[in-house]
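Right, one structure below, let's go through it.
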Amino acid sequence: MHLSFSRLDDNVARFIISGFPSAFVNSLRRTMMGEVPTLAIEDVLIYDNDSALFDEMLVHRLGLIPLRTDLSEYVFTKDCSCNGEGCSACTSVYTLSVEGPRTVYSRDLIPQDPRAAPVDENIPLVKLEKDQKVVLEARAVLGRGSEHAKWQPTLACGYKGYPRIVFDSKCDSCGMCVDECPRDVLEIKGKKIAVVDGKIEDCILCKLCERICVANADTWDKPAISVQTEDDRFIFDIEGDGSIPVRQIIEQAAKVLQTKSDSLVDVLCDISGGNIND
Ligand code: SF4
Ligand code: SF4
Ligand SMILES: [Zn+2]
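Note that numbering that gives the first Met the number 0 numbers the sequence shown so that position 56 is 55, with each residue one more than the last.
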């Protein structure tokens, strides 16, 4: 089992994961999207809304604003000592009061806890004309993407098999696949077709190179280039919404998977009377 990062910053990561079956890699993807908690606005008390948007639409937009989430500071409402009443340990409170004419932005949402402020200050919510106003109080709580997409910490989260491109001896280096490739992965090197150094991971497995190769050869029924993927090696790409760092998303997802796997082992032990190999 091996994991190596080619990029890791606060909001974006790319890593190569090898030695795992695709089922495990897919579980990791689903866990990152659906099981890592973030804060999102859940309840809104509207005092005034003269805007062109219905209350429901305004509240929906508020819910989708990514909020900075310190997982060491907040607990789920159901696990809180306030018994779901809402307190500073489980709920982040915001106020918003804006009068037109102007656009209401996410920066107008004033948090009681500055650590739970909107990730981006410039998300437009609604445009107010003269004499229109919006006054409200909002409450954000922890939740999971499996309950609602507003709690997903990832904007993009996916993987592909690690590409392997093989050339046949019948290749005459005509170069058509080089021109066809949308990611400039191929080149004519000397008099031979080859993968550009360091570009193999850019291949999107579209197989346009295979198609153009076979389409222009009169007698071949198979292309001289073959795009394949390695069995247990994958390229993983994640883009976070900024609510929590991408590194933490990966770590939290790994912990969730570990906990679920431990519970499964316990259940299997119970069923088999203590020996899961039986
Ligand atoms: S793989 Fe096919 S299209 Fe590409 S250079 Fe060789 S013969 Fe031409
Ligand atoms: S599969 Fe697509 S991206 Fe990959 S080398 Fe062929 S044309 Fe280029
Ligand atoms: Zn509480």
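No residue lacks a Cβ here, since even glycine has one placed at the ideal position from N, Cα and C.
- Cβ-Cβ distances below 6 Å link R163 to Q227, E229 in the same chain, with the five nearest sequence neighbours on each side left out; the list follows chain order.
- K149 sits buried, since 16 or more C-beta atoms from the chains shown fall within 10 Å of its C-beta.
- Around the C-beta of N82, fewer than 16 other C-beta atoms lie within 10 Å, and the residue is accordingly described as exposed.
- Secondary structure at P162: strand, using DSSP grouped into helix, strand and coil.
- A Cβ closer than 5 Å to some heavy atom of ligand 3 marks a residue here, and those residues are C79, C81, C86, A88, C89.
- For P110, the closest C-alpha among the options A39, I224, L256 is that of A39.
- With 16 or more neighbouring CB atoms inside 10 Å of its own CB, D240 falls in the buried class.
- DSSP places E209 inside the alpha helix (DSSP H), whose first and last residues are 207 to 214.
- Distance from the CA atom of R67 to the CA atom of N25, rounded to whole angstroms, is 26 Å.
- Within 8 Å of the C-beta of I122 there is not a single heavy atom belonging to ligand 2.
- Under the three-state reduction of DSSP output, R28 falls in the helix class.
- For D201, the shortest C-beta to heavy atom distance toward ligand 2 is below 8 Å.
- Around the C-beta of C268, fewer than 16 other C-beta atoms lie within 10 Å, and the residue is accordingly described as exposed.
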